[in-house]
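Student: Below you will find the structure I want to go over with you.
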Amino acid sequence: MHYQFPKRYTATDCTKDATITDETTGEILCGQCGLVLVEKTEAPDEIQFNVLEDHLNKTRIGSATSLIMYDRGLQTVMSDVARDARGKTISKNMKNEFCRLRLWDERRKTDSTSQSLRSALVNLDTLKDKLSIPNPIAERAAYICRKAVESRITRGRTILSITCASLYAACRESSTPRTLDEITKAANAPKRSVSHTYNTLLSMFNLQPTNHNLAEFVNKLGNQLNVSEKTKRKALSILSKIEDKEICAGRNPKSVAATLLYLACTLDDEKKNQKVIAKTALVCPTTIQNTMRILKKNLDIRSL
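Okay, here's the thing in structure tokens:
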């Protein structure tokens, strides 16, 4: 199905209507000038239709279900009104039956597993807003979190650590540039506990995390530092060379990105303090210096 964004999101200075969709952020950009036309798009599978006639008329039948919601958006509340659909008073036996069903429904919602899952998904929704996590990544994290709670691995672990570990696992699977330090800092959770829980999730559910996309970290840090596009392209050019030689394989992606931007700023005579770059990247200045020594040892800096 072709997505049509509202007319108010149009690039008036462009003559072509070619657009580019950023799958990570969910934004639609103009292919000619780079203007953000739509900040967050709705996934095609979230649009639901009724029967064939409604499908042809593109009629919505309500909001889509979501794994991030505790009840997936399908909450059912049993009314305590003792009347049927026609407004007639129900019999005493039927009223007692509904009271019993209502009691068991409340007990089902308040058991330990349901409370743990509810708390985990509330924390996940908060982290999603704090870290600007795209909806598909949050949905995957919610799915991992549900499996973790249902598998009873919450014993001996906090719900917050399971939530953070699930979110980090989802980010690693999709190469989303979010580090464990960022997630634990946003959630105010102990890094060591989250790391142990993450390793447990990997072994239990056979998750397949991908390597960090260093280009995403370079672009993200470059935007935070407000460096020029020329400097960012220079840093990405150096990145392609060190990836071919596997110079910084296994190192912290944030420290590598900070070092590349610092080196690019130095080569392009753009004034950026090393301490400022380290503080923005949440790394130590000594880490940047050590990574710089590795680059100078394996690359010809003068030829860059």
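Residues in the sequence shown are numbered consecutively from 5, following the numbering used here.
Beta carbons: idealized from backbone N, C-alpha and C, even for Gly.
None of these values were measured; they are calculated from a predicted model.
(1) Where residue 93 and residue 123 are concerned, what is the direct C-alpha to C-alpha distance, given to the nearest angstrom?
(2) Three-state secondary structure (DSSP) at residue 287?
(3) Kindly indicate the opening and closing residues of the alpha helix (DSSP H) around residue 153.
(4) How would you write the range of the alpha helix (DSSP H) that residue 34 sits in, first residue to last?
(5) Would you kindly report the start and end of the unbroken beta strand (DSSP E) that includes residue 26?
(6) In whole angstroms, what is the alpha-carbon distance linking residue 142 and residue 135?
(7) Taking residue 84 as the reference, which of 72, 272, 98 has the closest Cα?
(8) According to DSSP, which residues form a beta bridge with residue 87?
(9) Taking just the CA atoms, how far does residue 158 sit from residue 118?
(10) Looking only at its chain, what residues have a beta carbon closer than 7 Å to the beta carbon of residue 176, apart from the 5 residues adjacent to it on each side?
(11) Is there contact here, the region 235-252 with the region 199-209, by at least three beta-carbon pairs under 8 Å?
(12) Hey, out of 26, 162, 132, whose CA is closest to residue 193's CA?
(13) Evaluate contact between the region 251-263 and the region 292-302, counting only Cβ atoms and requiring at least three cross-stretch pairs below 8 Å.
(14) Would you mind working out which of 181, 254, 241 sits nearest residue 221, comparing C-alpha positions?
(15) Considering only their Cβ atoms, is the gap separating residue 137 from residue 149 smaller than 8 Å?
(16) Check the C-beta distance from residue 286 over to residue 263 and give it rounded, since I have them as a contact under 8 Å.
(17) May I ask you to report which of helix, strand or coil DSSP gives residue 231?
(18) If you follow the alpha helix (DSSP H) that residue 41 is part of, which residue opens it and which one closes it?
(19) By a C-beta neighbour count over all protein chains shown, 10 Å radius and 16 as the cutoff for buried, is residue 170 buried or exposed?
(20) With DSSP as the reference, label residue 157 as helix, strand or coil.
Tutor: Inspection of the coordinates gives the following:
(1) Annotation: residue 93 to residue 123 spans about 39 Å, alpha carbon to alpha carbon.
(2) Looking at residue 287 - three-state DSSP - the assignment turns out to be coil, as it is neither helix nor strand.
(3) Here the alpha helix (DSSP H) through residue 153 covers 139-154.
(4) Note, residue 34: premise wrong, no alpha helix (DSSP H); beta strand (DSSP E) at 31-34.
(5) Following the DSSP letters along the chain, one finds residue 26 inside the beta strand (DSSP E) bounded by residues 23-26.
(6) Cα-Cα distance, rounded: 11 Å.
(7) Taking only the C-alpha atoms, the option nearest residue 84 is 98.
(8) Answer by DSSP bridge pairing, in chain order: 93.
(9) Residue 158 has its alpha-carbon roughly 12 Å from the corresponding atom of residue 118.
(10) In chain order, 213, 214 place their CB closer than 7 Å to the CB of residue 176, counting only its own chain and leaving out the 5 sequence neighbours on each side.
(11) Flag = no, the region 235-252 and the region 199-209 do not touch.
(12) Of the candidates 26, 162, 132, the one whose C-alpha sits nearest the C-alpha of residue 193 is 162.
(13) Yes: at least three Cβ pairs fall under 8 Å.
(14) In this structure, 181 is the residue among 181, 254, 241 with its C-alpha nearest to the C-alpha of residue 221.
(15) It is not a contact, given that the beta carbons lie outside the stated cut-off.
(16) No, residue 286 and residue 263 are not in contact; Cβ-Cβ is about 14 Å, not under 8 Å.
(17) Three-state result, residue 231: coil.
(18) Premise fails: residue 41 lies in the beta strand (DSSP E), 40-42, not in any alpha helix (DSSP H).
(19) Answer is buried; the Cβ neighbour count reaches 16.
(20) Reduced to three states, the DSSP call for residue 157 is coil.
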